[in-house]
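Encoded as structure tokens, the structure appears first; notes follow it.
2 protein chains.
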Amino acid sequence: MKRRHATLSDIAKALNVSASTVSRALHDSPLIRKETKDSVIAMAKALNYQPNQQAIGLLNKKTKIIGVIVPEITGYFFATAINGLQDFVENTGYKLIIGQSNESFDQEAKLMETLSLARVDGLIISPTSETTSNIHLEKFRESGIPVVVFDRDCPNFLSDKVFVDDYEGAFQAVDYLIKTGCRKIAHLGGPANLTTCRCRKRGYLDALTQNGITPDPQLILEVPGFTPDCGEEIIRDLLDREAIPDAIFAVNDAVAIGTMPVILEKGLRIPQDISLIGFDDEPYSQYFMPSLTTVWQPVYELGLLSGRILMNHILHSPEEYDYRYELLKPELIVRQSSKPLV
Amino acid sequence: MKRRHATLSDIAKALNVSASTVSRALHDSPLIRKETKDSVIAMAKALNYQPNQQAIGLLNKKTKIIGVIVPEITGYFFATAINGLQDFVENTGYKLIIGQSNESFDQEAKLMETLSLARVDGLIISPTSETTSNIHLEKFRESGIPVVVFDRDCPNFLSDKVFVDDYEGAFQAVDYLIKTGCRKIAHLGGPANLTTCRCRKRGYLDALTQNGITPDPQLILEVPGFTPDCGEEIIRDLLDREAIPDAIFAVNDAVAIGTMPVILEKGLRIPQDISLIGFDDEPYSQYFMPSLTTVWQPVYELGLLSGRILMNHILHSPEEYDYRYELLKPELIVRQSSKPLV
DNA sequence: CTGTTAGCGCTTTCAG
DNA sequence: CTGAAAGCGCTAACAG
Chain A
1 MKRRHATLSD
11 IAKALNVSAS
21 TVSRALHDSP
31 LIRKETKDSV
41 IAMAKALNYQ
51 PNQQAIGLLN
61 KKTKIIGVIV
71 PEITGYFFAT
81 AINGLQDFVE
91 NTGYKLIIGQ
101 SNESFDQEAK
111 LMETLSLARV
121 DGLIISPTSE
131 TTSNIHLEKF
141 RESGIPVVVF
151 DRDCPNFLSD
161 KVFVDDYEGA
171 FQAVDYLIKT
181 GCRKIAHLGG
191 PANLTTCRCR
201 KRGYLDALTQ
211 NGITPDPQLI
221 LEVPGFTPDC
231 GEEIIRDLLD
241 REAIPDAIFA
251 VNDAVAIGTM
261 PVILEKGLRI
271 PQDISLIGFD
281 DEPYSQYFMP
291 SLTTVWQPVY
301 ELGLLSGRIL
311 MNHILHSPEE
321 YDYRYELLKP
331 ELIVRQSSKP
341 LV
Chain B
1 MKRRHATLSD
11 IAKALNVSAS
21 TVSRALHDSP
31 LIRKETKDSV
41 IAMAKALNYQ
51 PNQQAIGLLN
61 KKTKIIGVIV
71 PEITGYFFAT
81 AINGLQDFVE
91 NTGYKLIIGQ
101 SNESFDQEAK
111 LMETLSLARV
121 DGLIISPTSE
131 TTSNIHLEKF
141 RESGIPVVVF
151 DRDCPNFLSD
161 KVFVDDYEGA
171 FQAVDYLIKT
181 GCRKIAHLGG
191 PANLTTCRCR
201 KRGYLDALTQ
211 NGITPDPQLI
221 LEVPGFTPDC
231 GEEIIRDLLD
241 REAIPDAIFA
251 VNDAVAIGTM
261 PVILEKGLRI
271 PQDISLIGFD
281 DEPYSQYFMP
291 SLTTVWQPVY
301 ELGLLSGRIL
311 MNHILHSPEE
321 YDYRYELLKP
331 ELIVRQSSKP
341 LV
């Protein structure tokens with residue numbers, strides 16, 4: 001049974017008043033007599049009135065929707081960030097439309113097109129590993145829609161930005177490896193186009209050199225993606241060489257975990273022969289054996305803060321706006337896949 | 001620099017024609033002369049015209065938004081289902097608004113309120129483990145908004161439904177355990193209010209009895225949630241008893257994985273002393289050691305099909321509608337945490 | 001082939 | 001205190 005939604009004038013007619021009176025009453029305007037208000041409110045409830053957001057939006061040019069674009073949603077990292085985002089946004093009356101770029105620039109551009117059409121009031125985005133141009137973002141900003149870039153940077157694009165200090169996290173991890181006696185530390189890095197991956201690599205390199213170790217190019221590898229099979233594949237190459245590393249710092253937990261079966265299968269022990277450190281602290285990482293040492297990231301906060309900053313920008317959009325730049329602190333979580341400090 | 005979005009009449013004015021001509025031209029109406037069309041299209045592009053969905057929606061009472069409510073989004077299961085859903089919906093011009101109920105009935109009800117306010121054209125929902133009443137769903141249906149229930153059933157609620165055959169998956173898993181020589185098979189079941197959990201339990205029970213084994217109530221436990229620590233906690237109780245099971249069938253992979261460290265720590269071997277089977281086939285499950293035997297579910301298809309059915313209902317909503325009921329087939333994936341067939 | 005008009009549901013002047 | 005009227009951007013009769 002399809003019932004039309006009740007409208008303002010439905011209430012107005014039922015009460016023999018005008019639509020504007022009803023509108024004002026519902027907005028608790030001081031211009032309306034108490035009794036009128038009460039009867040209006042009662043009738044609204046009786047008719048199960050719900051204001052039509054589209055009409056309101058049409059009027060004040062707002063959709064109360066914010067767009068989110070992430071590379072993917074099935075992994076722990078972005079799903080958790082979205083979680084934080086949503087928990088914040090929920091209480092503001094805003095809704096989230098989420099799109100996945102699948103690490104494809106074209107899909108990302110297409111999504112932005114869709115979101116632009118949907119007239120979102122703001123955008124939160126983490127770019128793909130293919131994204132090198134900002135034209136699509138610039139177009140968004142030119143039409144006055146606030147944008148927050150999070151986790152992965154879009155260099156040269158001016159906007160609010162919220163990141164995790166990847167450099168610091170990587171530095172700590174590698175520094176820790178060195179302090180536990182490791183010298184030949186390999187790095188399984190991610191796609192070099194991503195700022196996160198570049199930062200982690202820099203952290204790795206700096207930790208080495210500051211500890212008097214010359215980085216060995218042979219030990220610096222790049223995986224094409226962030227899944228366990230990427231780790232599995234690349235570790236086979238690495239372990240087939242004569243000089244085997246005594247530690248591995250992987251770009252994330254998934255890659256690290258992909259290496260574990262191969263390492264053990266070669267008769268090597270973790271951490272006695274090879275220490276292993278990941279990045280992200282995924283929920284499962286502590287359940288592997290040995291449990292995985294990793295760098296925890298404040299992902300939930302990352303999403304939450306991005307949401308807070310965007311909403312702030314949307315609601316009190318000033319003429320002159322100072323873009324924010326936030327850097328959240330990660331934390332090394334030591335478990336069994338690395339040796340104890342000596 | 002905030003530029004107003006171009007409107008139909010902007011184009012009309014620039015070309016000295018009426019707004020309706022522009023509208024018709026843009027819709028490629030046969031009533032419009034080719035030259036007019038061309039000039040309109042050119043001008044639309046020049047002004048970067050984007051039709052205002054809110055105005056259109058206001059007119060034809062559609063938002064082109066469909067609401068999605070899932071218990072959570074950070075786990076592999078629902079994230080992947082949403083993935084499938086989104087991949088389908090993407091090409092239809094519809095957008096998704098996703099909400100998480102966090103297994104709370106109140107949050108679920110509140111989300112439905114929000115989605116109703118947002119005037120979504122349809123709803124896809126997997127209810128919480130607390131949901132026992134359908135009043136909120138009924139209200140939705142009464143206002144004529146198509147609903148698809150997926151994965152977890154809302155008994156007695158009439159709508160399209162898409163599930164995985166949990167009974168069948170569980171039966172296969174337990175039958176396999178028995179065929180590999182296990183007799184004392186424990187079940188770590190999930191919240192009994194969930195149809196999925198009840199079906200899995202029934203599959204477990206039937207597999208036992210059909211193989212001439214009397215179920216042992218001592219071996220049938222219930223975990224409060226779906227995380228590894230739930231498994232960790234409950235397995236400690238179980239292994240503290242004198243009669244230790246020779247196999248465990250867990251409600252999902254996460255719970256199964258939570259038990260692994262405890263089992264091994266007690267000096268028991270998997271699968272020689274205890275076979276272990278999970279449910280879901282999460283991405284990491286094959287990387288544990290031993291790798292986890294599990295029941296794979298067609299999650300992506302689950303989401304995709306739910307989307308397809310909903311869109312079909314929305315687009316060709318007939319007067320008389322036969323609700324669909326789809327049951328997708330899971331598949332047992334045998335790995336190292338269970339013994340080979342004898 | 002094209003223009004005029006009305007109206008989707010709501011808010012907001014401007015008049016009473 | 002309340003009503004009438006205009007308009008957000010678009011489409012769909014109804015006229016030419």
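Protein sequence lines correspond, in order, to chains A and B.
When we follow UniProt numbering, the leftmost residue of the first sequence carries the number 1, and every step to the right adds one.
When we follow UniProt numbering, the leftmost residue of the second sequence carries the number 1, and every step to the right adds one.
Ideal Cβ positions, reconstructed from N, Cα and C, are used throughout, including at glycine.
| Check | Outcome |
| --- | --- |
| On a CA-only basis, which of B:Glu331, B:Val334, B:Tyr325, B:Gly307 is nearest Gly93 (chain B)? Give me that one, please. | B:Gly307 |
| From Glu282 (chain B) to Phe77 (chain B), what does the alpha carbon distance come to, in whole angstroms? | 8 Å |
| Could you check the C-alpha separation between Thr114 (chain B) and Pro330 (chain A) for me, to the nearest Å? | 35 Å |
| Would Asn312 (chain A) count as contacting chain B if we go by Cβ distances under 8 Å? | no |
| At 8 Å on the CB atoms, spell out the chain B contacts of Asp260 (chain A), in chain order. | Contrary to the premise, residue 260 (chain A) reads as Met rather than Asp in this sequence. Those are Tyr287, Met289, listed as they occur along chain B. |
| In chain B, which residues lie with their C-beta within 9 Å of the C-beta of Ser116 (chain A)? | Gln50 |
| Would you please verify whether the beta carbon of Lys266 (chain B) is less than 8 Å from any beta carbon of chain A? | no |
| Do Thr214 (chain B) and Ser275 (chain B) come within 8 Å of each other at the CB atom, strictly closer than that value? | no |
| Rounded to the nearest angstrom, what separates Ala109 (chain B) and Ile125 (chain B) at their Cα positions? | 12 Å |
| Ends of the alpha helix (DSSP H) at Val255 (chain A)? | 253-265 |
| Does the beta-carbon of Arg200 (chain B) have 16 or more other beta-carbons within 10 angstroms, so that it is buried, or is it exposed? | buried |
| In chain order, what residues of the region 224-242 of chain A put their CB closer than 8 Å to some CB of chain B? | Thr227, Pro228 |
| When the Cα atoms are used, what is the spatial distance from Cys182 (chain A) to Thr227 (chain A)? | 26 Å |
| According to the neighbour-count rule (16 or more other Cβ atoms, all chains shown, within 10 Å of its Cβ), is Gly189 (chain B) buried or exposed? | buried |
| Bridge partners for Ser143 (chain B) per DSSP, in chain order? | Per DSSP, none; premise fails for Ser143 (chain B). |
| With a Cβ-Cβ cutoff of 8 Å, do Ile178 (chain A) and Ala207 (chain A) count as a contact? | yes |
| Give me the chain A residues within the contact set of Arg119 (chain B), using Cβ-Cβ distance strictly less than 9 Å, ordered along the chain. | His5, Gln50, Asn52, Gln53, Gln54 |
| Could you work out which residues of chain A lie near Gln100 (chain B), taking near to mean beta carbons separated by less than 8 Å? | Asn83, Gln86 |
| So if DSSP puts Phe249 (chain B) in a beta bridge, which residue, or which two residues, is it bridged to? | B:His187, B:Ile277 |
| Quick check: is the beta carbon of Thr80 (chain B) nearer than 8 Å to any beta carbon in chain A? | yes |
| By Cβ distance, which residues of its chain are closer than 6 Å to Arg324 (chain A), with the 5 residues on each side in sequence left out? | Asp160, Ile309 |
| I'd like the ranges of any alpha helix (DSSP H) spanning at least 4 consecutive residues and lying wholly in the region 98-177 of chain B. | 105-117, 135-142 |
| Could you tell me which chain A residues have their CB closer than 8 Å to the CB of Thr63 (chain B), listed as they occur along the chain? | Gln54 |
| Return the residue from the list B:His316, B:Gln53, B:Pro261, B:Gly75 that minimises the CA-CA distance to Thr63 (chain A). | B:Gln53 |
| Any contact of the region 147-160 of chain B with the region 128-136 of chain A, i.e. 3+ C-beta pairs under 8 Å? | no |
| With a CB to CB cut of under 6 Å and the five nearest residues on each side skipped, what residues in its chain are close to Arg119 (chain A)? | Thr63 |
| Under 8 Å, Cβ to Cβ, is there at least one residue of chain A near Lys161 (chain B)? | no |
| Going straight from the alpha carbon of Gln286 (chain B) to that of Pro71 (chain B), what length do you get? | 25 Å |
| Does any CB atom of chain A fall closer than 8 Å to the CB of Tyr76 (chain B)? | yes |
| Rounded to a whole number of angstroms, what is the C-alpha to C-alpha distance between Ser20 (chain A) and Leu302 (chain B)? | 47 Å |
| If you run the structure through DSSP and keep just helix, strand and coil, what is Leu45 (chain A)? | The identity of residue 45 (chain A) in the sequence shown is Lys, whereas the question assumes Leu. Lys45 (chain A): helix per DSSP, three-state reduction. |
| How big is the Cα-Cα spacing for Thr259 (chain B) and Tyr284 (chain B)? | 15 Å |
| Can you give me, in chain order, the residues of the region 176-193 of chain A that have a beta carbon less than 9 Å from any beta carbon in chain B? | none |
| Return the first residue and the last residue of the beta strand (DSSP E) that Tyr325 (chain A) is part of. | 325-328 |
| Name the chain B residues whose beta carbon is nearer than 9 Å to that of Leu123 (chain A)? | Correct list: empty, because the minimum Cβ distance to chain B is about 14 Å. |
| Measuring only the C-alpha atoms, how far is Lys266 (chain A) from Leu123 (chain B)? | 51 Å |
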